[in-house]
Each structure stands twice: as structure tokens, then as C-alpha cells.
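These notes concern the structure reproduced below.
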Amino acid sequence: MSGGRWLRVSRTEGVAAAVGLLALVGCLLLGLRAPRVVLLSYLFAWLFWLAPALGSVGLLMIHALTGGDWGLALRPALLAASRRLPLMALLMLPVLLGVAVLFPWAGPHAAGDPTLDRQRWWLDAPFFVARAVVVWVLWLWLAHGIRRRLDMPSAGRFAAGGLIVYALSVSVAAVDWVVSLVPRWHSTTFGVLVGTAQLLAAAGLAVGVSVAGRDPAAAAWTPRRLNDLGSILMVLVLAWGYLAFMDYLTVWIADLPSETVWYLPRVKTGWRWLGAFLVVFHLALPFAVLLSRRAKQRAAWLAGVGWWLFLAQIGYVAWLVLPGLRTSALAWSDPLAWIGIGGLWWMGYGAQRRAVPEADA
-6 MSGGRWLRVS RTEGVAAAVG LLALVGCLLL GLRAPRVVLL SYLFAWLFWL
44 APALGSVGLL MIHALTGGDW GLALRPALLA ASRRLPLMAL LMLPVLLGVA
94 VLFPWAGPHA AGDPTLDRQR WWLDAPFFVA RAVVVWVLWL WLAHGIRRRL
144 DMPSAGRFAA GGLIVYALSV SVAAVDWVVS LVPRWHSTTF GVLVGTAQLL
194 AAAGLAVGVS VAGRDPAAAA WTPRRLNDLG SILMVLVLAW GYLAFMDYLT
244 VWIADLPSET VWYLPRVKTG WRWLGAFLVV FHLALPFAVL LSRRAKQRAA
294 WLAGVGWWLF LAQIGYVAWL VLPGLRTSAL AWSDPLAWIG IGGLWWMGYG
344 AQRRAVPEAD A
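The C-terminal residue of the sequence shown carries number 354 in our numbering, and the numbering is unbroken.
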């Protein structure tokens, strides 16, 4: 594990990083003509790749509290993803530097708006940056702390407090980085919803990678283990679906302008088809497959569902971020930003996952 061979970047990962850098250069060139469009694409891509990194920290803490074979099976993948957090912190710099361009409340055109003036105690650019710094300090501390305490008696105590910090900090970040794109909107459940989506993205990636890359001859990979991993995915799919539905139902019943302002672009424009896609393919279909014990115990099916749930998060994060400031379809900068950040993210992920032998997990 400590030898250089485990940490050596593979050729595939090197190619991914090179392609990612080229894609980010393409984003930069497009941004010279349409900075807000590109920054919105960048925020969407950055939030997508943040989810498995941060969600993995949450899953490591949950396993420290609950135990179970599922956490041991996923530990190499979760540890590797959690080590992507410093990279994601560095990659947030364009968002922080472009606050005045990206967020409607920060630009000069927002001056004199009575609604925004009442929110200035929170929607203030220096305070926004300061909150981001505090949130990142907490997340890096949680990631480092749970990694240090794995298999130690203090892991459960750390995780109990850490999950509270995790929930509160994710809520603050969700309000700042997503809700404030539509500053007149507010939601009391949005932070929990985003946190659950992060856990689902992390679990989907970890299950997909771990099951597909397992040693079929290893005695630990029993049908029971596969069934447990499928059950974890099913619980998270249900939790995400329930929270998303209750948030929409609350807004629909209240029918207040301050709440419908966020949903109207998503249900009254072409973006409604993305919402329909999420209901069918990110909730109903995976849940139907995971209801089957036979499907959960078949490695190919389980790995496929895990990968599908991870990749379907592209649609969900796009649905959260893009419609508020863009009524048209996707822009060229959307896939470029996603590939760019993903190429850098994936290089480190593969190297770190191989650094944790499965037998030690």
C-alpha cells in the first residue's frame, strides 16, 4: 500500500486527465464570449463531481455508526473518493472568483431590488466566500478525521457528531450554491435532499466500481454481500425519492410565489422532460430492479444499477442548477465542464482506490 506501485497512475487515468485539461481549456475559450453561461456549466459539473467525494465521507461515518459488511466491501472505493475533496476545494476557485457574474444577487444590476435588499444580511459576496471557506474546513476535517479513526473505538463517537456537522454544512452549502441562484426561493428540506443525493451518488459509484472490479474467486463476495449492497442502494433511492416528492408537494399545496418561482421553469418549459426522466429512470426503474432479490444477488445487474444511479445524477444536478438561469437547452460548455472536472477527478480516484487492498478492507 505504501509502495509506489499502488499509487502509480494508470495510462487510462493519465489520458482522462489530459482530456480533462483540454476540455477545461475549451470552457475557458467559450467563457471569453459568454462568461455566465460557462460559469453555470462549470457550477453544474463541479457540483456533480463533488457529490461522490463528499457523499463518501457521509457513508464512511454512517458505517462507523451502524457497522455491517456493506461498508467493508465499499471501503476502498469510499476512501478513494473521499480523498478527492482537496481537489474539489481547489476547483471551486472559479466559482468564488465569478460570484458577481454567476449569481443574480451579486451583480450590480441587483442593486435597489427590495426583495434582495432584505436578504443582504446573508447574500453578501465576502460573507459568501467566508462561508465557503468555513464549510470546506469542516468537510476536510470530517474526511481526515473519519479516515484516521477507521476500526478504532472512537470512530462511532466521531461519526455521531460528524454526521450532524455534515448535515448542517451541506444545508448551508446547498442554500449558497444552488438556492441562491434563484434568490427569491426558499426551502426547508433542500439541504437534506441534496445531502441524500450525494450519499446516493457516492453509493452508486462505490457499488458499481467495487462489484465490477471484485475478484469472483474471493470468498467474501457472497450473494448475501451483494444483496446487502443492493439494499443500501434501494434505501437511498427511496429516501431521495420521498424527500424530492415531499418538497414538490409542499410547494404545490402552498402555491406561494416565493416557492413556485423555482419550480415553474422546471415544469412549464422544456426542462419538464428532464424531470420526467428523473422520475422514471432515477427512481421508479432502479427501485423496481432493486426490489428483486435475484437481481441484487447478480453481480452484473447490481453493478449496472450502481453505475446507472451514479450517472443519472448528471440529470438531477442539471435539473437543480441549470433551469433557474437558462430557459434553453444544454450548452456546449456543459459536457466540456463535466469532462474537464471528471478527467481530473478520475485520475486520482483510480490511484487511491488501488492503494487500499481489498483484503485489508
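Ideal placement from N, C-alpha and C gives every residue a C-beta, glycine not left out.
Exposure label - residue i; buried when at least 16 CB within 10 Å
{"i": "Pro69", "result": "buried"}
{"i": "Arg(-2)", "result": "Bear in mind that a pLDDT of 39 at Arg(-2), under 50, signals an unreliable position, so the number given afterwards is only what the model happens to contain. Classification for Arg(-2): exposed."}
{"i": "Phe37", "result": "buried"}
{"i": "Tyr342", "result": "buried"}
{"i": "Met81", "result": "buried"}
{"i": "Leu67", "result": "buried"}
{"i": "Val126", "result": "exposed"}
{"i": "Gly336", "result": "buried"}
{"i": "Leu276", "result": "buried"}
{"i": "Ala212", "result": "exposed"}
{"i": "Phe41", "result": "buried"}
{"i": "Trp132", "result": "buried"}
{"i": "Lys289", "result": "buried"}
{"i": "Gly197", "result": "buried"}
{"i": "Asp208", "result": "exposed"}
{"i": "Glu113", "result": "As written in the sequence, residue 113 is Arg, which differs from the Glu given in the question. Burial call: exposed."}
{"i": "Ser(-5)", "result": "At Ser(-5), the pLDDT of 37 sits below 50, so the modelled position is not reliable and the matter cannot be decided from this model."}
{"i": "Ser147", "result": "exposed"}
{"i": "Ile246", "result": "exposed"}
{"i": "Gly64", "result": "buried"}
{"i": "Val244", "result": "buried"}
{"i": "Leu95", "result": "buried"}
{"i": "Ala293", "result": "exposed"}
{"i": "Val8", "result": "exposed"}
Of the listed residues the options, nearest to residue i (C-alpha basis)
{"i": "Ala166", "options": "Gly155, Val187 and Pro146", "result": "Val187"}
{"i": "Leu161", "options": "Val185, Val92 and Leu143", "result": "Val185"}
{"i": "Leu271", "options": "Ala136, Phe238 and Pro258", "result": "Phe238"}
{"i": "Ser180", "options": "Trp338, Glu252, Leu43 and Trp325", "result": "Glu252"}
{"i": "Ile225", "options": "Ala194, Trp98 and Val163", "result": "Ala194"}
{"i": "Gly333", "options": "Ser3, Arg142 and Ser34", "result": "Ser34"}
{"i": "Leu304", "options": "Ala190, Gly263 and Gly149", "result": "Ala190"}
{"i": "Asp240", "options": "Leu313, Pro209 and Ala9", "result": "Leu313"}
{"i": "Leu143", "options": "Arg259, Val244, Thr59 and Phe280", "result": "Thr59"}
{"i": "Ala118", "options": "Phe151, Gly149, Arg150 and Ser173", "result": "Ser173"}
{"i": "Met85", "options": "Leu23, Leu283 and Trp170", "result": "Trp170"}
{"i": "Val12", "options": "His56, Val31 and Trp339", "result": "Trp339"}
{"i": "Trp355", "options": "Arg291, Leu219, Thr320 and Trp214", "result": "A question about residue 355 goes unanswered here, because the residues of the chain that appear run from -6 up to 354."}
{"i": "Pro97", "options": "Ala322, Leu318, Ala330 and Arg346", "result": "Leu318"}
{"i": "Val128", "options": "Phe151, Arg218, Val168 and Asp110", "result": "Val168"}
{"i": "Leu135", "options": "Leu278, Gly61, Trp178 and Phe151", "result": "Phe151"}
{"i": "Arg141", "options": "Ala10, Arg76, Arg259 and Ser3", "result": "Arg76"}
The alpha helix (DSSP H) enclosing residue i, as first and last residue numbers
{"i": "Arg26", "result": "Premise fails: Arg26 is in no alpha helix (DSSP H) and is neither H nor E."}
{"i": "Met145", "result": "No alpha helix (DSSP H) holds Met145; DSSP gives it neither H nor E."}
{"i": "Gln191", "result": "Phe183 to Ala205"}
{"i": "Leu284", "result": "It is not in any alpha helix (DSSP H) - Leu284 carries neither H nor E in the DSSP assignment."}
{"i": "Pro87", "result": "Leu86 to Leu90"}
{"i": "Ala277", "result": "Neither: Ala277 is in no alpha helix (DSSP H) and is coded neither H nor E."}
{"i": "Leu67", "result": "Asp62 to Ser75"}
{"i": "Asp240", "result": "Pro216 to Ala247"}
{"i": "Gly297", "result": "Ala292 to Val314"}
{"i": "Pro250", "result": "Pro250 to Val260"}
{"i": "Trp266", "result": "Arg265 to Val272"}
Residue-level contact to chain D via CB, residue i, 8 Å cutoff
{"i": "Leu161", "result": "Included in the structure is just one protein chain, with no chain D present."}
Residue i CB to nearest heavy atom of the ligand MG below 7 Å
{"i": "Pro279", "result": "The ligand MG is absent from the structure shown, which contains no ligands of any kind."}
Does the structure place the stretch 296 to 311 close enough to the stretch 2 to 16 that three or more beta carbon pairs sit under 8 Å? no
Could you tell me whether the stretch 38 to 58 touches the stretch 146 to 157, using the rule of 3 or more Cβ pairs below 8 Å? yes
Given 8 Å as the limit, is there contact between the stretch 221 to 234 and the stretch 88 to 96, that is, 3 or more CB pairs closer than that? no
Could you check whether the stretch 292 to 305 touches the stretch 197 to 204, counting it as contact only if at least three pairs of C-beta atoms, one from each stretch, sit closer than 8 Å? yes
Give a yes or no on contact between the stretch 26 to 41 and the stretch 322 to 341, applying the rule of three or more CB pairs nearer than 8 Å. yes
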